[in-house]
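**Student:** Protein sequences, first through last, are from chains A and W.
Residue 6 is where the first sequence starts when you use our numbering, and the numbers rise one by one after that.
Residue 8 is where the second sequence starts when you use our numbering, and the numbers rise one by one after that.
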Amino acid sequence: MTGLADTRTAGRVSDADLAREYRSDPERFTAVYDRYFGDVHRYVAGRLDSQAADDIAAETFLVAFRKRERFDPARGALRPWLFGIATKLVAQHRRVESRHYETLARVRAAPDDHGHENQVVTAVAAAGLQPQLARALAALTRKERDVLLLVALADLSHEEVAQALRIPYGTVGSRLNRARKKLRTALEKEIDVNG
Amino acid sequence: MDELRMVRTMLDRPAPDDAVVAKGRERLRTATRGRRRTMPARRTLWVTGGLGLTAATAAAAVAISTTGTTGTGGGGGGAGGPQAGRSTTRTLDARSILLAAATEADGQADGTGGYWHTTIVDRDTYRVADGGYTVVQQDQREQWTPSLPGRPQWSSNRSLGARPATAADTAAWQRAGSPATFKVKVPGKGLKPMTLSTKPGPTRVDRAPLDDGGHVFWLGRNVTMKDLRALPADPKRLKASLQRWYQGHGTESSSEPMSSDLWLYTVAKGLITEMPATPKVRGAAFRMLADLRAVRAIGQVKDARGRSGAAIAVTERTARAGTLEHRLIIDTAAGRALGEDIVLVKPGGFTTGFAPGSVWTSSTVVTQGWTASAPTKATGSQGGSGR
Numbered sequence: 006m007t008g009l010a011d012t013r014t015a016g017r018v019s020d021a022d023l024a025r026e027y028r029s030d031p032e033r034f035t036a037v038y039d040r041y042f043g044d045v046h047r048y049v050a051g052r053l054d055s056q057a058a059d060d061i062a063a064e065t066f067l068v069a070f071r072k073r074e075r076f077d078p079a080r081g082a083l084r085p086w087l088f089g090i091a092t093k094l095v096a097q098h099r100r101v102e103s104r105h106y107e108t109l110a111r112v113r114a115a116p117d118d119h120g121h122e123n124q125v126v127t128a129v130a131a132a133g134l135q136p137q138l139a140r141a142l143a144a145l146t147r148k149e150r151d152v153l154l155l156v157a158l159a160d161l162s163h164e165e166v167a168q169a170l171r172i173p174y175g176t177v178g179s180r181l182n183r184a185r186k187k188l189r190t191a192l193e194k195e196i197d198v199n200g
Numbered sequence: 008m009d010e011l012r013m014v015r016t017m018l019d020r021p022a023p024d025d026a027v028v029a030k031g032r033e034r035l036r037t038a039t040r041g042r043r044r045t046m047p048a049r050r051t052l053w054v055t056g057g058l059g060l061t062a063a064t065a066a067a068a069v070a071i072s073t074t075g076t077t078g079t080g081g082g083g084g085g086a087g088g089p090q091a092g093r094s095t096t097r098t099l100d101a102r103s104i105l106l107a108a109a110t111e112a113d114g115q116a117d118g119t120g121g122y123w124h125t126t127i128v129d130r131d132t133y134r135v136a137d138g139g140y141t142v143v144q145q146d147q148r149e150q151w152t153p154s155l156p157g158r159p160q161w162s163s164n165r166s167l168g169a170r171p172a173t174a175a176d177t178a179a180w181q182r183a184g185s186p187a188t189f190k191v192k193v194p195g196k197g198l199k200p201m202t203l204s205t206k207p208g209p210t211r212v213d214r215a216p217l218d219d220g221g222h223v224f225w226l227g228r229n230v231t232m233k234d235l236r237a238l239p240a241d242p243k244r245l246k247a248s249l250q251r252w253y254q255g256h257g258t259e260s261s262s263e264p265m266s267s268d269l270w271l272y273t274v275a276k277g278l279i280t281e282m283p284a285t286p287k288v289r290g291a292a293f294r295m296l297a298d299l300r301a302v303r304a305i306g307q308v309k310d311a312r313g314r315s316g317a318a319i320a321v322t323e324r325t326a327r328a329g330t331l332e333h334r335l336i337i338d339t340a341a342g343r344a345l346g347e348d349i350v351l352v353k354p355g356g357f358t359t360g361f362a363p364g365s366v367w368t369s370s371t372v373v374t375q376g377w378t379a380s381a382p383t384k385a386t387g388s389q390g391g392s393g394r
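#1: Measuring only between beta-carbons, confirm whether V156/A sits less than 9 angstroms from chain W.
#2: Let's test the definition: count the other Cβ atoms within 10 Å of the Cβ of T202/W and tell me whether it reaches 16, buried, or not, exposed.
#3: Report yes or no: is there a C-beta of chain A within less than 9 angstroms of the C-beta of T39/W?
#4: Assuming the contact rule is C-beta atoms closer than 8 angstroms, A311/W and A292/W should be a hit. Round their C-beta distance to whole Å, please.
#5: What would DSSP say about L238/W, mapped onto helix, strand or coil?
#6: Whose C-alpha, out of T146/A, Q137/A and L181/A, is nearest the C-alpha of L155/A?
#7: Give the interface partners of F76/A over in chain W, defined as CB-CB distance under 8 angstroms, in chain order.
#8: Is V352/W closer than 9 angstroms to L335/W when the C-beta atoms are compared?
#9: At what residues does the beta strand (DSSP E) containing T119/W begin and finish?
#10: With DSSP as the reference, label S179/A as helix, strand or coil.
#11: Any beta carbon from chain A within less than 9 angstroms of N164/W's own beta carbon?
#12: Could you please give the first and the last residue of the uninterrupted beta strand (DSSP E) stretch that includes E332/W?
#13: Can you tell which of D39/A, R28/A, D20/A and A24/A has the C-alpha that lies nearest to the C-alpha of V27/W?
#14: Would you say R71/A reaches chain W, if we count a Cβ-Cβ gap shorter than 9 angstroms as a contact?
#15: Keeping to the same chain, check which residues put their C-beta closer than 8 angstroms to that of E26/A; ignore five residues upstream and five downstream.
#16: Leaving aside the five residues before and after M13/W along the sequence, list all residues of the same chain whose C-beta is less than 8 angstroms from its C-beta, in chain order.
#17: Less than 9 angstroms between CB atoms is the rule here; does A82/A satisfy it with respect to chain W?
#18: Quick one: residues in its chain with C-beta nearer than 6 angstroms to the C-beta of N229/W, no 5 flanking neighbours on either side, listed in chain order?
#19: Short of 8 angstroms Cβ to Cβ, which residues in the region 34–60 of chain A face chain W?
#20: Below 8 angstroms between beta carbons is the criterion; list the residues of the region 174–191 of chain A that meet it against any residue of chain B, in chain order.
#21: So with CB distances below 8 angstroms, who are the chain A contacts of L11/W?
#22: Assuming A184/A contacts Q137/A under a Cβ cut-off of 8 angstroms, what Cβ separation, rounded to an integer in Å, is found between them?
#23: In angstroms with no decimal places, state the Cα-to-Cα distance between W123/W and R214/W.
#24: For L105/W and R294/W, which I take to be in contact (beta-carbon distance under 8 angstroms), what is that distance rounded to the nearest angstrom?
#25: Grouping DSSP H, G and I as helix and E and B as strand, with all else coil, what is H105/A?
#26: Leaving out the 5 sequence neighbours to the left and right, which residues in its chain are closer than 7 angstroms to D117/W when beta-carbon positions are compared?
#27: Between the region 125–135 of chain W and the region 145–155 of chain W, can you find at least three pairs of beta-carbon atoms closer than 8 angstroms?
#28: Quick one: what does DSSP say R134/W is sitting in, helix, strand or coil?
#29: Distance check for K190/W and A297/W, CA to CA, integer angstroms please.
#30: Is it buried or exposed for E33/W, if we count other Cβ within 10 angstroms and need 16 for buried?
#31: Since D218/W meets chain A, which of its residues come closer than 8 angstroms, beta carbon to beta carbon?
#32: Between R47/A and R20/W, what straight-line distance do the alpha-carbon atoms span, to the nearest angstrom?
#33: Tell me which residues share the same chain as H333/W and place their Cβ nearer than 7 angstroms to its Cβ, disregarding the 5 neighbours each side in the sequence.
#34: Helix, strand or coil: how does DSSP classify D54/A here?
#35: Tell me which residues share the same chain as D20/A and place their Cβ nearer than 7 angstroms to its Cβ, disregarding the 5 neighbours each side in the sequence.
#36: Is it buried or exposed, Q56/A, if we count other Cβ atoms within 10 angstroms and call 16 or more buried?
This is how it looks when you write it as structure tokens:
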């Protein structure tokens, strides 16, 4: 027998099996939600903030459900496909996103934070350099930001980013490099100034 | 300095709380329950993995059981005027039926408009859990497919309610106290029963942007309106252009093998019944079917709405649903298909329990044509006289 049950008992059901299940029974699409809602929410919350993410992350799965026939397991996994949809929805909220970065840029780290040795270095750096970082992020092109944040927030591989955004593999690398360079330049300037 | 980690740290937000997760899940559940059939319904879903999407009506089953058998012979290219299939009781062979439809289609004027609009009623049969009888669920789906990319695609879906399938099923239902809802078995391991109601449901009007490629239909692969309209009008070239996408397996699942003829039938059926191909391409699709060895004639049948047509059929033996007969019901005088019935020749697997010879599922075209505009958000067709 082709076994829905077999794969289920064997452990984690593959994305292809999940897709097969919801094709048979649309209500099984909730299994996709259960598996990936947290990841999608984290990504959208990073870009738009938590409150907006509650709605947009849920919307992502509604859109995915409507388009479920277009998901082709042969072309990649569900996760990048879902992040592709989430990214498109985020793009419809560009104002919310830029306001989010503005807010982050205005939050000045308390001066005390700088000297604490017991803090994780990157956390201190992020806190201290937050205004620069947030502004640099806002200044990226949308395409650069999409790639950068799919890597940084969603942990997608280059190949998965290519699938999510439907862009060539090589383009992922070049956009990511450009984005990182811009961020580094913004941060280095700041470090130069402050010593 | 790792700017990626800095970005991650800066943008890190707490995980959503349980209430948020539950609320989003409920929104999705509402959407999934509203549609047992896949929304952009370009394919019949049951084909291989499609558990739980089945249908028949008493009327259709009765009509089909009274139809005559196939008269073969005749052969050749006898297109036999458009009226032949309708006004006489003579039973045509498959080739004659298909060529008559093709000839009629060839002579039609091509049209176009803002949106291609179709109204289709799907009928799916289910066995009632612990009830010992069969019910038929009817769903009406309307679609407005834009002729140009850049506009959204609209759909309107409505359940027309479920009811016992045959007189015997009605009697069994009455003995059970004539319940207004049915808990029906959903084929497939570990799937919970689904509840159907005798009452029609609300109309849901949806719109969704096309994907980046502007794909609107499925013809063995996703195609745009432009692709569809540019298909070759020569049957051999049409067959070649479609068959390029055949990979030896079914249209729903890569794990189930499917013969080339059945695959071509499945793809051509969609093209003929639901898509705005040019009339000449529709004619070519009929001619292509006429040349398939697996296609044979059934004779005059009535579709689920009681309309008469000439049926051609292809048989499919499946591992999971027994032996099925796909019947394309053709109005030869109109050069169009009225719809498709899938008859359970030999129930088995998850169709065990259904009556042999009954219509398991059907799709009936109610209206189709070009319209200037799509519905606005507030409206959406309230139509739906599913008898």
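Even for Gly, the Cβ is constructed at its ideal location relative to N, Cα and C.
**Tutor:** Let me spell this out:
#1: yes
#2: T202/W should be labelled exposed.
#3: yes
#4: The C-beta distance from A311/W to A292/W rounds to 22 angstroms, too long to fall under 8 angstroms, and the pair is not in contact.
#5: Here L238/W sits in coil by DSSP.
#6: L181/A
#7: Those within 8 angstroms of F76/A in chain W number zero; the least Cβ separation is about 11 angstroms.
#8: Going by C-beta atoms, L335/W is not nearer than 9 angstroms to V352/W.
#9: Unbroken run through T119/W: none, as it is neither H nor E.
#10: helix
#11: no
#12: G329 to D338
#13: D39/A
#14: yes
#15: Closer than 8 angstroms at the Cβ level, and outside the excluded window around E26/A, lie L9, V18, R33 and A36.
#16: none
#17: no
#18: H222
#19: F34, T35, Y38, D39, F42, G43, H46, R47, A50, G51, R52, D54, S55, A58 and D59
#20: Reference to chain B is not applicable here, since the protein chains of this structure are A and W.
#21: L153, V156, A157 and R185
#22: Their Cβ separation, rounded to whole angstroms, is 15 angstroms, which puts A184/A and Q137/A out of contact at 8 angstroms.
#23: 14 angstroms
#24: Yes, they are in contact, since the Cβ atoms of L105/W and R294/W sit about 7 angstroms apart, within 8 angstroms.
#25: helix
#26: T285 and P286
#27: yes
#28: strand
#29: Cα to Cα, the separation comes out at about 42 angstroms.
#30: exposed
#31: K72 and R75
#32: 7 angstroms
#33: Here the set comprises Y272, A320, V321, E323, E347 and I349.
#34: coil
#35: Closer than 7 angstroms at Cβ, skipping near neighbours: P78, A82 and L83.
#36: exposed
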